[in-house]
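All remarks here apply to the structure that follows.
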Amino acid sequence: MTKKFYITTPIYYVNARPHIGHAYTTLACDTIARRQRMMGFDTFFLTGTDEHGQKIQRAAEAAGKTPQQLTDEVSAEFRALWDRMGVTYDDYIRTTSDRHKRGVQELWRRIRDNGYIYKGSYTGQYCVFDELYVDVVGPGAPCPECGRPTETVKEENYFFKLSAFTEQLLDLYTGQPDIIRPETRRNEVIAFVRSGLRDLSVSRSSLSWGIPVPDDPKHVIYVWFDALANYITALGYGSDDDSKYKQYWPADVHMVGKEIVRFHCVYWPALLMAARLPVPKSIVAHGWLLFEESKMSKSRGNIVRTETILDVLGADALRYFLLREVVFGQDGSFSFDALVQRYNSDLANGLGNLASRTLAMITRYFKGEVPYPSGAAARRPADDVIVKLAQKTISEYHGLFEQYQFSRALESAWGLIAAVDKYIVENEPWALAEKPDENNRARLATVLYTSADALRIVTALAHPVMPDATAKIWAQLGLGDIRKFPLADLRWGQLHLGTKLGKVEPVFPRADKSAVERMQKMEEQDRTAAVAEAQPASTAAESGASQAVPQLAEPQKTVAPIAASDGKITIDDFAKVELRVALVKVAEKVKGADKLLRLEVDLGTEVRQIVAGLAEAYAPESLIGRKVVIVANLQPRKLRGLESNGMIVAASPEDGKPVLAGFLEDVPIGARLK
Ligand code: MSP
């Protein structure tokens, strides 16, 4: 009987557009799902969007849309992106769909009827950003998870008897040791559960954007209860047709980012236990993708859009980079430089070059038909070294992949590419072809067969990671549809004599330096457009001095307004503002704007254009050569058609002119203020 395999991504919040952090999880799951299919598993891969709750309701208000409008738009955007990248999801669940709502209510009833839901009231703090009830004291106290200010919630709620599951959960972690991976996350979860579990509030009565509690529609179901249930509602749990649920549940892998481990490893299994349903087989947590050293997120304004990379280098390059560069489970940095460097070294010069040189030589010297090594006389020990290495690579690669060690698995496969490259150089097939006596011909056949079969093996192994490029190489090898190849049977020597090659074409054209610049430019343009859309140009600059006051990052404004009643921010909030010393190189008036100056300031590492409301206080010439303080990590915005990349800091007396901040002692350009 075919074994089944069910894998899920988290369902993504629709308060913001997708970025490569989301793509990272989805692509990792897609890679695993593709590989499992090739290995012969009956695979089901689920993704979707999380559309209820306060965070979404507020984002919709801020955008001047109804929650339904916002969720329809953003959910479609996520889906279109996955489609564009050829993500092979089998179903896409939206939590606003009827099938989901029905299933969630059924799960609620079942848990309630089993005696694990009771009515109470909650007074305490809530973090809207994480949609999390938190155990901290006082209005505005920072959320222990994300550091953002919490809000006080005081309302009648339903509670889930989480505390009743402490022992069962601990038994689960011991009895099913692989349930939480990696080990570090497992230890954290165990420590959290051991420290004592409190009952969990699972409904909200001060909010309407959610699924009504069965038999008490004044309450809506807590968004995490709602969201976690997607993993079974998508399979038809609670509907007339639950055949998929029977076929695929429990999930084999819930893939998640490390920040949502607790929801998946504590709350979710406990809810399932309370409903007397099977718990998932494993929850695999990966680290964060960092950009400019902090977690990529809309709130920090440091996201990179997936589309930019797709436009310039294509999906395969992104997939390979993310899985090769980031050690799965740990945080990893993203940069355009590193992406292009990896692309050139491993894809253009690595796999791409091996494919084109090997296939071109077979085309030239053997009329495009795979030659076969003829006789022992034509064999050398070097050939066997490649055969052995290829065999070792196959088993090593499978083992590492199954342990989610994608980076090491790819490293091992690319080790084979490097060995074959060296083998080709040392055995000089081109020289053998020049003196085509019988011996040389046999030797040439051996060298090219050995190279081509190694290429075939790497191509098959890499297919789940880079589906498009490998499908092309496979077709060029004359092997048809790679998706049909049974990966579990991959062995040396399956390339048959006389196989006719397809048309040989390069799959990874080299990327030049301009690729990085193009991607950076696209991102800048996108950020500028997003700012312009969110903020009409007239608001900021024309008001002159007010522009010189630093603003905190965006979510505090739109998604989770600062709730602190005393108006204080945390040190982490302050640390988000990057204040730096800069030298004014150019200053001039902006045509048609009385208050604006266009400045070019030197930060030591770059020169930036800033448009500032200083014209009424300073003559442009007086600013040239002066050191000023700027907010360096502000999203760019357009003022009078000019891009402004940062903000000059100035004191802003109530009804006087702005006065620039400066220093009594000399300070180096670029120094950070903290
Ligand atoms: N809606 C919840 C999940 C509910 S699942 C039942 C949620 N949504 S989210 O939109 O915030 O997505 C979080 C997930 O997106 C992370 O757990 C991770 O899988 C992925 N990532 C988002 N940003 C990321 C990075 N910067 N780096 C790595 N993964 C990231 O939480």
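Letter by letter, the sequence shown follows residues 471 to 1144 of this note's numbering.
Cβ atoms here follow ideal geometry from the backbone N, Cα and C, with glycine treated the same way.
Here residue 590 is bridged, per DSSP, to 627. Within the same chain, 912 come within 7 Å of residue 845 by CB-CB distance, once the 5 residues on both sides are set aside. Boundaries of the beta strand (DSSP E) around residue 1080: 1077-1082. Per DSSP, the beta bridge partners of residue 597 are 602.
In the structure shown, residue 537 falls within a helical segment according to DSSP collapsed to helix, strand and coil. Only buried fits residue 917, as 16 or more other CB atoms lie within 10 angstroms of its CB. In this model, residue 840 and residue 949 are separated by some 11 Å (Cα to Cα). With 16 or more neighbouring CB atoms inside 10 Å of its own CB, residue 612 falls in the buried class. Cα atoms of residue 587 and residue 670: separation of roughly 10 Å, rounded to the nearest angstrom. Comparing alpha carbon positions, the residue from 681, 1046, 892 closest to residue 853 is 892. Considered as a whole, the segment 1106-1135 harbours 1107-1109, 1112-1114 as its complete beta strand (DSSP E) runs of no fewer than 3 residues, in chain order. According to DSSP, residue pairing for residue 478 in a beta bridge involves 516, 724.
Residue 636 and residue 692 have their C-alpha atoms roughly 21 Å apart. The beta carbon of residue 729 sits closer than 7 Å to at least one heavy atom of the ligand MSP. With respect to the 8 Å criterion, residue 498 and residue 793 are classified as neighbours on the basis of their beta carbons.
Residue 874 carries a coil assignment under DSSP once its states are collapsed to helix, strand and coil.
For residue 969, same chain residues with a beta-carbon under 6 Å away, outside a window of 5 residues either side, are 840, 948 in chain order. Residues of the same chain with a CB within less than 6 Å of the CB of residue 708, apart from the 5 flanking positions on each side, are 572, 573, 576 in chain order. The beta carbon of residue 1042 sits closer than 6 Å to the beta carbons of 617 from its chain, once the five residues preceding and following it are set aside; these are given in chain order. Look at residue 651 here: in three-state DSSP terms it is strand. Taken from the Cβ of residue 491, at least one heavy atom of the ligand MSP lies inside 7 Å. In this structure the segment 747-762 does not touch the segment 517-525; the number of beta carbon pairs closer than 8 Å is below three. Remark: C-beta atoms of residue 558 and residue 505 do not approach each other more closely than 8 Å.
For the pair residue 1070 and residue 1093, the Cα-to-Cα distance works out to about 11 Å. For a cut-off of 8 Å, the C-beta gap from residue 848 to residue 915 is around 7 Å, short enough to register as a contact. By the criterion of a C-beta distance shorter than 6 Å, residue 755 is surrounded in its chain by 655, 726, 728, 731, once the five residues flanking it on both sides are discounted. In the three-state scheme derived from DSSP, where H, G and I count as helix and E and B as strand, residue 1098 is classed as strand. The C-beta separation of residue 676 from residue 625 comes to about 5 Å, placing the pair in contact by the 8 Å criterion.
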